[in-house]
Amino acid sequence: MARDEFAHSVDTSPRLSVAGGSNQVRVRAYNERLVLSLVRQNPGCSKADLARLTGLSAQTVSVIMRSLERDELLMRGEPIRGRVGQPSVPMFINPDAVFSFGVKIGRRSADLVLMDFAGNIRKQRHRTYRYPHPDHLLPFICDGISEMEVDMDAKMRSRIAGIGIAAPFELWNWAEEVGAPDGAMDIWRQFDLQVEVQGRMAYPVYLRNDATSACGAELVFGAGQRYPDFVYFYIGSFIGGGIVVNSSLFVGRTGTAGAIGPLPVRDKHGQTRQLLDIASIFVLENLLRERGIDPQPLWYAAEEWIDFGEPLEIWLQDTAAALAQAIIAAASIIDFAAAIIDGGFPAWVRHRLINATIEAMNRLDLQGVVIPDIVEGEVGDQARAIGGASLPIFDRYLIDQTVLLKDIKHAEGN
Numbered sequence: 140m141a142r143d144e145f146a147h148s149v150d151t152s153p154r155l156s157v158a159g160g161s162n163q164v165r166v167r168a169y170n171e172r173l174v175l176s177l178v179r180q181n182p183g184c185s186k187a188d189l190a191r192l193t194g195l196s197a198q199t200v201s202v203i204m205r206s207l208e209r210d211e212l213l214m215r216g217e218p219i220r221g222r223v224g225q226p227s228v229p230m231f232i233n234p235d236a237v238f239s240f241g242v243k244i245g246r247r248s249a250d251l252v253l254m255d256f257a258g259n260i261r262k263q264r265h266r267t268y269r270y271p272h273p274d275h276l277l278p279f280i281c282d283g284i285s286e287m288e289v290d291m292d293a294k295m296r297s298r299i300a301g302i303g304i305a306a307p308f309e310l311w312n313w314a315e316e317v318g319a320p321d322g323a324m325d326i327w328r329q330f331d332l333q334v335e336v337q338g339r340m341a342y343p344v345y346l347r348n349d350a351t352s353a354c355g356a357e358l359v360f361g362a363g364q365r366y367p368d369f370v371y372f373y374i375g376s377f378i379g380g381g382i383v384v385n386s387s388l389f390v391g392r393t394g395t396a397g398a399i400g401p402l403p404v405r406d407k408h409g410q411t412r413q414l415l416d417i418a419s420i421f422v423l424e425n426l427l428r429e430r431g432i433d434p435q436p437l438w439y440a441a442e443e444w445i446d447f448g449e450p451l452e453i454w455l456q457d458t459a460a461a462l463a464q465a466i467i468a469a470a471s472i473i474d475f476a477a478a479i480i481d482g483g484f485p486a487w488v489r490h491r492l493i494n495a496t497i498e499a500m501n502r503l504d505l506q507g508v509v510i511p512d513i514v515e516g517e518v519g520d521q522a523r524a525i526g527g528a529s530l531p532i533f534d535r536y537l538i539d540q541t542v543l544l545k546d547i548k549h550a551e552g553n
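Take 140 as the starting number for the sequence shown in our numbering and just add one per residue.
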């Protein structure tokens, strides 16, 4: 069975279609992006704070802030009084300033979200299927966006930055695991989802791998904000993940860094297998089918999971044991501060998995290994869709974490 999907699993360069459509949302200048990024990271910071962090003069920061306020990208909080001099005015991102659509394409389900500038989901749609096919995905995306637009006024529609799609690459390699009929998924060999969506919609369209998108969402909106270096595991139909070093997604020389699915681990029988063959939701699906239990609740929505009893516990223990080995392997190479685990399941499942992983870790030989914090992801089952929706916003308004980190360090050194 081919597994070359993972050759692309950590691509971090969003592919922007040449066709820009009719959207007129303009790309911000660098210093404006820097200020917006810092306010997003430090809600309530003042003009003085921004001048210190950026190294820009107070006058320059004032000019930038006035421009951003005029365009309604920033909004003022209540002045903080009681100190010497002028009162400090806290600044915040205006959630209503920019919107974007995010699409997650999974092996069993798809999600469409409308996200605001602060990362909040305003609207969402969900669809399940036996296997992904363009014939039902294109209408789901395009008709879903059109339906969401009906409830928007002209001003809100003018503030849509684009559409970001988070999807597994080379879907045809997984036809057997998802139970698709022979040849049914070969259409993906020639089908370019980004181009097809762009041809039907007025907004620019971006595409990124789904696991990398989830990792990016965790970095920007979740627990990743507290850890400059972490290894990330996202458990969907198939497990995927990413690596963050110095607060930036790290892809490596060929773009395959963080392709955790093929990591070799030992199962409970002592056999060496790939991580994805143990720690993926399709494995739980098979366990349920073997016991005559309907697995469909796995794909409806994360909050609709039920406690499947013994098969769920078997899967949690096996997955935790495999994750523990993968975390040790990763920590042996890079001194990660954290291993963040998330997935397309409810919080109570994630919590049980974290506890089981910590217990499994303690049963292993840890000599010579500095174990990172093992923490729950905070973005949750919509991490891939949120990561997709972030692509247009970062392309037009914000700067990546690497640049932001360098700017802060430069300013602090002055």
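Just so it is clear, CB atoms sit at the ideal spot from N, CA and C, and this is done for glycine as well.
When the five nearest sequence neighbours on each side are left out, the beta carbons in the same chain lying within less than 6 Å of the beta carbon of R167 are those of Y536, in order along the chain. In the DSSP assignment, the residues bridged to T267 are S248.
Bounds of any alpha helix (DSSP H) do not take in V508, whose DSSP letter is neither H nor E. Straight-line spacing of the CA atoms in L462 and V508 works out to 15 Å.
The three-state secondary structure of G381, taken from DSSP, is strand.
Each residue's CA atom was taken as its position, placing F475 and M291 some 43 Å apart. If the five residues before and after R246 are omitted, its C-beta is found closer than 8 Å to the C-beta atoms of Y270, P271, P307, L310, W313, E316, V317, G375, S376, F377 and F421, all from its own chain and listed in chain order. Non-local C-beta neighbours of W454 in its own chain, meaning closer than 8 Å and more than five positions away in sequence, comprise V422, L423 and L426, ordered along the chain. According to the DSSP secondary-structure assignment, A168 is paired through a beta bridge with no residue. With a cutoff of 7 Å on beta-carbon distance, M287 and L253 are scored as near each other. A distance below 8 Å between beta-carbons, with the five flanking residues on each side excluded, links L175 to the following residues of its chain, in chain order: R167, L207, L212, L213, I232, Y536 and L537.
For a cut-off of 8 Å, the C-beta gap from I480 to I493 is around 6 Å, short enough to register as a contact. C-alpha of L332 to C-alpha of L346: approximately 9 Å in a straight line. In the three-state reduction of the DSSP assignment, F360 falls in the helix class. Linking Y366 to D321 through their CA atoms gives a straight-line distance of about 44 Å. Note: Y373 is bridge-paired with G379 and D481 in the DSSP secondary-structure output. Judged by DSSP secondary structure, P273 falls within the alpha helix (DSSP H) whose first and last residues are P273 to V289. Nearest neighbour of Y268 by Cα position, chosen from V237, A249 and C184, turns out to be A249. Setting aside the 5 residues that flank it on each side, E517 is surrounded in the same chain by G361 and A362, each with a C-beta closer than 6 Å to its C-beta; the list follows chain order.
A distance below 7 Å separates the beta carbons of A305 and R523.
Here G303 is actually not in contact with S387; their C-beta atoms are around 18 Å apart, not less than 8 Å.
The Cβ atoms of Q435 and A495 lie no closer than 7 Å to each other.
Here R215 carries a strand assignment [DSSP, helix/strand/coil].
Under the criterion of beta carbons closer than 8 Å, L358 and V383 qualify as touching, at roughly 6 Å. I302 sits in a strand when the DSSP states are folded into three classes. Of the candidates R339, D255 and L530, D255 places its Cα closest to the Cα of R298. Leaving aside the five residues that flank A350 on each side, the residues in its chain whose CB is nearer than 7 Å to its CB run, in chain order, S148, Y373, G379, G380 and G381.
Taking I513 as reference, the option from D368, G283 and R266 with the minimal CA-CA separation is D368. Straight across, the Cα-Cα distance linking G258 with G409 is about 43 Å. Around the beta carbon of L276, 16 or more other beta carbons sit within 10 angstroms, so the residue counts as buried. Comparing alpha carbon positions, the residue from V237, A197 and A469 closest to A293 is V237. By the neighbour-count definition (other C-beta atoms within 10 Å, threshold 16), S529 is a buried residue. For R266, same chain residues with a beta-carbon under 6 Å away, outside a window of 5 residues either side, are A249 and F279 in chain order. The shortest CA-to-CA distance from P229 to any of S196, S419 and L189 is the one to L189.
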